[in-house]
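Structure first, commentary second.
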Amino acid sequence: VEEPSHRQRRKRVASDARFHHWGLCQHLLAEAQRAVASSALLSRELTELAVLVAMKLDPGHYHLSWTEDLRSKAWCLNADANRRLNQTNASVDALERAKAHAKTGTGSAELAARIEKTEMSLNWRLENSGVITCSESASYGSSASWDDPSSHSRIL
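As structure tokens, then:
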């Protein structure tokens, strides 16, 4: 996808069925994960494309639970990229979508751990910015953590 703007790339990916395949979605997610430490903006753009592709995958062609896992992973990585860009509302929304897709997925422990890690990182961000308190964080679904759990992905 070589369109000059992200908006044009999104439009092309959404409308052209040649881009609606598993391999492209996996590739976009892998590139987004590589980019997140150096450019959260690039990571978010890649995850937005991955979400578009994942949502266009035909559950009749791919097993429904696998498709839901891939959709969940795409939303989860999008939530993390938005969190790193301080886009709290977008991050919370993406995380909720990730959880919804995971409910009808395979029940993968790896995916559950990814969602939990993203949720903890988001709660840490919200607590330390004063948006929510520790008790609100616990009611949101994960325990309070005073060290940003995503720090292992940063270059020290």
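If you're matching positions, the sequence shown starts at 573 in the numbering used here and goes up one per residue.
For glycine and all other residues, C-beta sits at the position ideal for the given N, C-alpha and C.
Since we're looking at a predicted model, the values are computed, not measured.
Taking the beta carbon of residue 714 as the centre, do at least 16 other beta carbons fall within 10 Å, making it buried, or is it exposed? Any answer about residue 714 is weak, because its pLDDT of 43 lies below 50 and its placement is not dependable; what the coordinates show is given next. Buried.
Report all residues from its chain with a CB closer than 6 Å to the CB of residue 631; omit the five preceding and five following residues, and keep chain order. Exclusion of the five residues before and after residue 631 leaves 639 as the residues of its chain whose Cβ lies within less than 6 Å of its Cβ.
To the nearest angstrom, how far is the alpha carbon of residue 670 from that of residue 601? A direct Cα-Cα distance of roughly 14 Å separates residue 670 from residue 601.
Just reading off the alpha helix (DSSP H) that residue 632 is part of, what are its end residues? Here residue 632 belongs to no alpha helix (DSSP H), and DSSP marks it neither H nor E.
I want to see whether chain B comes within less than 9 Å of residue 606, judged by CB atoms only; does it? In the displayed structure, chain B is absent; only one protein chain is listed.
Boundaries (first-last residue) of the alpha helix (DSSP H) holding residue 691: It spans 681 to 700 - the alpha helix (DSSP H) in which residue 691 sits, taken as one unbroken run.
Could you pull the start and end residues of the alpha helix (DSSP H) that residue 661 belongs to? Residues 660 to 675.
Let me check understanding here. Comparing Cα to Cα, which of 595, 613, 622 lies closest to residue 582? Of the listed residues, the one whose Cα sits closest to residue 582 is 622.
Does the Cβ of residue 666 have 16 or more other Cβ atoms within 10 Å, making it buried, or fewer, making it exposed? Buried, by the Cβ-count rule.
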